[in-house]
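Peer 1: Let me begin by handing over the structure; questions about it come next.
Protein chains: 2
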Amino acid sequence: MPDAALHDEAGSKRERILDAALELFAERGYHGTAVPLVASAAGVGAGTIYRYFESKQGLVNELFRREKRAVTGHVLGSFPFAAPPRAQFHYFFERIVDWARTHPSSFQFLEHHHHQPYLDDASRALESEVTEYALNFVRMLKAAKIARDADDHLFLVVVWGAIVRLMREAWSGRLELTDTLLAQAEDACWDAIEAG
Amino acid sequence: MPDAALHDEAGSKRERILDAALELFAERGYHGTAVPLVASAAGVGAGTIYRYFESKQGLVNELFRREKRAVTGHVLGSFPFAAPPRAQFHYFFERIVDWARTHPSSFQFLEHHHHQPYLDDASRALESEVTEYALNFVRMLKAAKIARDADDHLFLVVVWGAIVRLMREAWSGRLELTDTLLAQAEDACWDAIEAG
DNA sequence: ATAGCCGGAATGAATGTTCATTCCAATCTC
DNA sequence: GAGATTGGAATGAACATTCATTCCGGCTAT
């Protein structure tokens, strides 16, 4: 009796639904994706989705949190908190870009659903929590007089805006992410941060 | 004989539909906005929309082009092509931010619908045309050795990404757009462009 | 001048479709 | 065989679009 396999299947059915939803929500958006479409992409019946998730909104929120935790883990999991600031920034940039390249749907999904009205309190709280990490990094840079004297949020806006746009252009084929280009992008972002 | 008034009314009805669609599409997205909702917001019957526009998709495309032309006119209408590069950049930044602040729905709508699959060839062509202006500016900066040596598109990615994000944060109340902050943002963007 | 007609613009109820969600007979699992 | 799980048909709400009808300003006939 494949007992382990059994539990795997049960677990994997839930995962399969989340995986299919990730692809579809990333590509077509929340309102543009029908639940039965998610079901058939996941290879399950439409009703099965409602055994694992309360509603379409519940599904998108659980997915949001799964993906947010995954990126965060990827970046912070082995973050070199003791390294020099520029090296820390390099690590951050590299890890984020690495995630976006290896998990494009996840990146696009998170970006697309950022602060949407159907996200619930738990999802919003998770978003704030992650932002707080970035703000602490900025505060450290400012305290060390490395970053220019500007609003804390400005740095996030500039760097995150650039990264997101970079990925979108790359993903749509309008830009090729060579190592050279990525190094240039990282430098440009750092120079936007650094004190004049 | 209120001949002029008659034509005004007819013209303004079409405009009212576009105006209502702009607000709703900007706020709720394309798939999240029902046509009858646009109709009632415009104060017309649902059927009337189909007198002026072929379909929901036709409406969103005509709106996209109207708004794209409007921003472009706002920025390029009196652009100081003869000014020094940094002054040109300042003008560009100021005008874009001014548009985003005075026409938030327009800015948000354009950003939200950027490269969406329901945009038609005419809308896409207009998008490319506008991008070409920006690329020419970048090429000039590079030829003059003012901009760092990097992919042309990188500059658009960084600057435009930052501006879009800035506006989104401001619009959602997470950031206040003071003159100081905007000046800091402009400087940060310029430093991301400028040769090291 | 005015009653009555005309044609295009406007309407919103009706239509057929698609959606999120529910339900239950069939199928698993132990 | 009891209990849980499943797929997918069924359901009702909401959607984009259509169309038979109404409305209204100007024109004609008298």
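Residue numbers (the working numbering), protein chains in the order written: chain A, 11 to 206; chain B, 11 to 206. Just so you know, even glycine gets a beta-carbon here, dropped at the ideal spot from N, CA and C. Remember, predicted model here, so these are calculated numbers, not experimental data.
Could you tell me the distance, in whole angstroms, from the CA atom of Val70 of chain B to the CA atom of Val45 of chain B?
Peer 2: Cα to Cα, Val70 of chain B sits roughly 11 angstroms from Val45 of chain B.
Peer 1: Can you confirm whether the stretch 116-132 of chain B touches the stretch 29-48 of chain B when touching is taken to mean that 3 or more C-beta pairs between the two stretches lie within less than 8 angstroms?
Peer 2: Yes: at least three Cβ pairs fall under 8 angstroms.
Peer 1: For Val140 of chain A, which residues of its own chain have a beta-carbon under 7 angstroms away from its beta-carbon, when the five flanking residues on both sides are left out?
Peer 2: Taken in chain order, the residues that qualify are Lys78 and Thr82.
Peer 1: In chain order, what residues of the same chain have a beta carbon less than 8 angstroms from the beta carbon of Val168 of chain A, not counting five sequence neighbours either side?
Peer 2: Excluding sequence neighbours, Val168 of chain A sits near Cys199, Ala202 and Ile203.
Peer 1: Please tell me whether Gln194 of chain A has its Cβ less than 8 angstroms away from any Cβ of chain B.
Peer 2: At least one chain B Cβ lies under 8 angstroms of Gln194 of chain A.
Peer 1: Check the Cβ-Cβ distances between Leu73 of chain A and every residue of chain B, and say whether any is below 8 angstroms.
Peer 2: By this cut-off, Leu73 of chain A is not an interface position.
Peer 1: Distance, Cα to Cα, Arg76 of chain A vs Ala51 of chain B?
Peer 2: Roughly 38 angstroms between the two C-alpha positions.
Peer 1: Residue ranges of each alpha helix (DSSP H) run of no fewer than 4 residues wholly in the stretch 29-71 of chain A, ordered along the chain?
Peer 2: The stretch 29-71 of chain A contains these whole alpha helix (DSSP H) runs: 45-52 and 56-62.
Peer 1: Going by DSSP, name the residue or residues bridged to Ala195 of chain B.
Peer 2: BP columns for Ala195 of chain B are empty, so no partner.
Peer 1: Would you identify the three-state DSSP class for Ala97 of chain B, choosing helix, strand or coil?
Peer 2: Ala97 of chain B falls in the helix class under three-state DSSP.
Peer 1: Return the bridge partner residues of Glu204 of chain A from the DSSP annotation.
Peer 2: BP columns for Glu204 of chain A point to A:Ala157.
Peer 1: Using the Cα positions of Pro114 of chain B and Trp181 of chain B, report the straight-line distance between them to the nearest angstrom.
Peer 2: Taking the straight line from one Cα to the other gives about 8 angstroms.
Peer 1: On the three-state DSSP scale, how would you describe Trp109 of chain B?
Peer 2: Three-state DSSP puts Trp109 of chain B in a helix.
Peer 1: Straight-line CA distance for Leu151 of chain B to Thr58 of chain B?
Peer 2: Those two C-alpha atoms are separated by around 49 angstroms.
Peer 1: Beta-carbon within less than 7 angstroms of Gly39 of chain B's beta-carbon, same chain only, minus the 5 sequence neighbours each way: which residues are those?
Peer 2: So the list reads His122, once near-sequence residues are dropped.
Peer 1: Do Val148 of chain A and Asp162 of chain A have their C-beta atoms closer together than 8 angstroms?
Peer 2: The answer is yes: Cβ separation under 8 angstroms.
Peer 1: I'd like to check one pair, Ala157 of chain B with Ala205 of chain B: are the Cβ atoms closer than 8 angstroms?
Peer 2: Yes; because the gap between Cβ atoms is below 8 angstroms, this pair is in contact.
Peer 1: Nearest CA to the CA of Gln118 of chain B: which residue from B:Glu186, B:Ala193, B:Glu179 and B:Leu47?
Peer 2: Comparing Cα positions, the closest option is B:Glu179.
Peer 1: List the residues of chain B whose Cβ lies closer than 7 angstroms to the Cβ of Trp181 of chain A, in chain order.
Peer 2: Within 7 angstroms Cβ-Cβ: nothing; Trp181 of chain A doesn't reach chain B, min ~10 angstroms.
Peer 1: Between the C-alpha atoms of Ser133 of chain A and Leu176 of chain B, what's the straight-line distance to the nearest angstrom?
Peer 2: Distance between the alpha carbons of Ser133 of chain A and Leu176 of chain B: 22 angstroms.
Peer 1: Mind listing the chain B neighbours of Asp44 of chain A? Cutoff is C-beta to C-beta under 8 angstroms, in chain order.
Peer 2: The amino acid at residue 44 of chain A is misidentified as Asp; the sequence shows Ala. Here the premise fails: no neighbours, minimum Cβ distance about 10 angstroms.
Peer 1: Determine the chain B residues that contact Leu191 of chain A at a beta-carbon separation under 7 angstroms, and present them in chain order.
Peer 2: In chain order: Asp161 and Leu164.
Peer 1: Count the other CB atoms, across all protein chains shown, that sit within 10 Å of the CB of Lys155 of chain B; report buried if there are 16 or more and exposed otherwise.
Peer 2: Burial call: exposed.
Peer 1: Where does Ser182 of chain A fall in DSSP's three states?
Peer 2: Reduced to three states, the DSSP call for Ser182 of chain A is coil.
Peer 1: Here's a check: name, in chain order, each residue in its chain whose Cβ is nearer than 6 angstroms to the Cβ of Glu137 of chain A, leaving out the five neighbours to either side.
Peer 2: So the list is empty, once near-sequence residues are dropped.
Peer 1: Short check: CB of Arg24 of chain B to CB of Tyr62 of chain B, under 8 angstroms?
Peer 2: Cβ distance < 8 angstroms, so Arg24 of chain B and Tyr62 of chain B count as in contact.
Peer 1: Using a 10 Å radius around the Cβ and a threshold of 16 neighbouring Cβ atoms, would you call Leu129 of chain B buried or exposed?
Peer 2: Buried, since its Cβ has 16 or more Cβ neighbours within 10 Å.
Peer 1: With the cut-off set at 8 angstroms, would you say Leu191 of chain A and Leu164 of chain B are in Cβ contact?
Peer 2: Yes, the Cβ-Cβ distance between Leu191 of chain A and Leu164 of chain B is below 8 angstroms.
Peer 1: Under 8 angstroms by Cβ, that's how I've got Ala31 of chain B and Val48 of chain B pegged, so tell me the actual separation to the nearest angstrom.
Peer 2: Confirmed, about 5 angstroms.
Peer 1: Considering only the alpha carbon of each residue, which of B:His84, B:Ala97, B:Trp170 and B:His41 lies closest to Trp109 of chain B?
Peer 2: Of the candidates B:His84, B:Ala97, B:Trp170 and B:His41, the one whose C-alpha sits nearest the C-alpha of Trp109 of chain B is B:His84.
Peer 1: Determine, using beta carbons only, whether Ala195 of chain A and Ala172 of chain A come nearer to each other than 8 angstroms.
Peer 2: Yes, they are a contact pair.
Peer 1: Quick check on Ala135 of chain A - is its C-beta less than 8 angstroms from some C-beta in chain B?
Peer 2: No, because no Cβ of chain B sits closer than 8 angstroms to the Cβ of Ala135 of chain A.
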